[in-house]
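Going by the numbering used here, the letters in the sequence shown line up with residues 8 to 344, in that order. Accompanying notes for the structure given below.
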Amino acid sequence: MLCYGLGNCAIMGAMILAPLYGHFRVALLFGVGLVLFNVFCMYLFIRALRSLKEIMISAKESSKGNFSYPLDLNKISPSFLNFAEDVANIQVGLKEAVDHAVKGERMKAELITNVSHDLKTPLTSIISYVDLLKNEKLENETASAYVEVLHEKSYRLKQLIEDLIEASKASSGNLNVEKMKVDYKQLTLMAMGEMEDKTNAAGLTFKISCSEPVYIDADGGHMWRILENLLSNVVKYSMPNSRVYVDIFKMNGYGVLVMKNISAAPIDFDETRLTERFVRGDESRTTEGSGLGLSITQSLAEIQGGTFGIQVDGDLFKSIVSIPLWGEEEEEIEEEE
C-alpha cells in the first residue's frame, strides 16, 4: 500500500511538472503510465483477494472436519503465500492428530473387547463351580461365608466385564439400533418398578411429572439400559430418605427426561468428567460400580440421535436425556406452531 501511494504521487507529480517545461507529450505518457500502473495494482489487489478467499474456504472446510481440502499454493498471491502455507501445515497436523487419535481409540476399544471376551471364559467356569459349592451342604460356616463372598464378587466381576463390552461397542457405534414408537413415561415407570426394591431400601421417593403423553423414536432395549443406569446412579449416590424428581416433556422436537436428586456427598468436582469412562462420583470407590454407567448412557443416547447431559446446582444433580420424538409427535408440534 505504501509503494502504491508513493508510485501514484511520483507519476502524478511528473505528469504535472512536465507541461511546465513544455513537455506535453511526456506528460501524456506519464498519464498513460498512471492508468497502466493503477490497472496493474488493481490486478495484484484482485489476485490477493482471490487468494484470501481460497484460504478462508480452506479454513472453513477445516473447521467442518474436512482436512483433505486441497489448497493449491501455486494459485496464491505472494502477499498471502506464507499465510497459506501455515494454514496448509495446520490442516496436515490436524489430520495426522485426528487419524492418530482415531487409531488409538479403535485399538483401545478392540483391546477392551478382546480382553473382556478372554476373561469371560474362565469367569464362567468360576461362577459355575461357585454355584456348585453353594448347592453342597457345607458344615463349616466359615467356608459357607467364603463361598457366599465368592458368589457375590464373581457376579460383580461378570457385570463389570459385560459393562466393558457394552461400553466398547457403544463408543465405537457397533450396536444395532431398531427404532420404534416408545412411550417415554410408561417405560420410565416400568424401569422404576423394576428397581423398586433397591429404591425402597435407600428410602427414596420418586415424584414423576408428565402432563401429556410423550412418544419418542427410540430403541426400547437401549432406552431401558439408559433408564437402568440413571436409576442405579440415583440409588448409589442419592441422600438417603430423600425425593427424586423425574420430569418428562417435549421441547424442540425432542422428548426430554430430567431426573433430579440430592447427592449424599458434596459435589466438589468437575461434573462434566462423569460421562468419561471409569470416572465415578465416589472418588474413594467404596460403593459398587464400574464408572461406566453414565458413559454408556451418553453413547446409547447419541447412537439414537439424542443427547445426554449433566447439570449440577449445589448438591442438586440433574441427568438430562433428550431423544427425538416419534414422527407423528413432530407433525403435531409443527401443526400447533
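A virtual CB, placed ideally from N, CA and C, is assigned to each residue, including glycine. None of the values given here were measured: they were computed from a predicted structure.
Item                                                                                                                         : Value
Residue of Lys325, Gly262 and Ala108 minimising C-alpha distance to Gly312                                                   : Gly262
Separation of Lys325 from Pro331, as counted between CA atoms                                                                : 20 Å
Gln318, DSSP secondary structure in three states                                                                             : strand
Limits of the beta strand (DSSP E) - the one that Gly262 falls within                                                        : Tyr261 to Ile269
Alpha-carbon spacing of Glu146 relative to Leu140, whole angstroms                                                           : 12 Å
8 Å contact criterion, which Ser84 and Ser58 should meet: CB distance rounded                                                : 4 Å
Beta-carbon proximity of Leu78 to Ser86, cut-off 8 Å                                                                         : no
Buried versus exposed, by CB contacts within 10 Å (16 or more), Gln193                                                       : exposed
Assumed close pair Lys257, Asp224 - CB separation to whole angstroms, cut-off 8 Å                                            : Their Cβ separation, rounded to whole angstroms, is 13 Å, which puts Lys257 and Asp224 out of contact at 8 Å.
Three-state class that DSSP yields for Val241 in the structure shown                                                         : helix
Cβ-based burial, Ala198 [other Cβ within 10 Å; buried from 16]                                                               : buried
For Glu112, the nearest candidate out of Glu159, Ala272, Ile23 and Ser175 (CA to CA)                                         : Ser175
Asn226 in three-state terms, based on DSSP                                                                                   : Asn is not the amino acid found at residue 226; the sequence shown has Asp there. Here Asp226 sits in coil by DSSP.
Ile274 beta carbon less than 8 Å from that of Val319                                                                         : yes
Contained beta strand (DSSP E) runs [length at least 3] in the stretch 117-190, N- to C-terminal order                       : 187-190
Classification of Ile53 by the beta-carbon crowding that lies within 10 angstroms, buried from 16 upward                     : exposed
Buried versus exposed, by CB contacts within 10 Å (16 or more), Phe47                                                        : exposed
N-terminal and C-terminal residue of the beta strand (DSSP E) that Met19 is part of                                          : No beta strand (DSSP E) holds Met19; the alpha helix (DSSP H) holding it covers Leu9 to Leu27.
Option nearest Leu211 by Cα separation, candidates Gly20, Lys267 and Gly40                                                   : Lys267
Rounded C-alpha distance that separates Ala308 from His107                                                                   : 26 Å
Nearest-angstrom beta carbon gap, Tyr244 and Ala271 [assumed within contact, 8 Å]                                            : 6 Å
Where Tyr50 sits in the DSSP three-state scheme                                                                              : helix
Paired residues, beta bridge with Ile330 - DSSP                                                                              : Gly262
Rounded C-alpha distance that separates Asp170 from Leu299                                                                   : 7 Å
Same chain, Cβ closer than 7 Å to Val94, neighbours up to 5 away in sequence not counted                                     : Ile62, Ser65, Ala66 and Leu78
Beta-carbon contacts of Leu157 that lie in its chain and below 7 Å, excluding the five residues immediately before and after : Val137
Presumed contact (8 Å Cβ cut-off) between Leu301 and Asn240, rounded CB distance                                             : 7 Å
Where Phe31 falls, given that 16 or more other Cβ within 10 Å makes a residue buried                                         : exposed
Separation of Lys160 from Ser297, as counted between CA atoms                                                                : Interpretation of Ser297 is limited by its pLDDT of 47, a score under 50 that renders its predicted location unreliable; the figure taken from the coordinates is listed afterwards. Approximately 13 Å, taken between the alpha carbons.
Burial state of Ala91 (16 or more Cβ within 10 Å)                                                                            : buried
Spatial distance of Gly40 from Glu103 (CA atoms)                                                                             : 51 Å
Test item: CB-CB of Leu88 and Leu101 under 8 Å                                                                               : no
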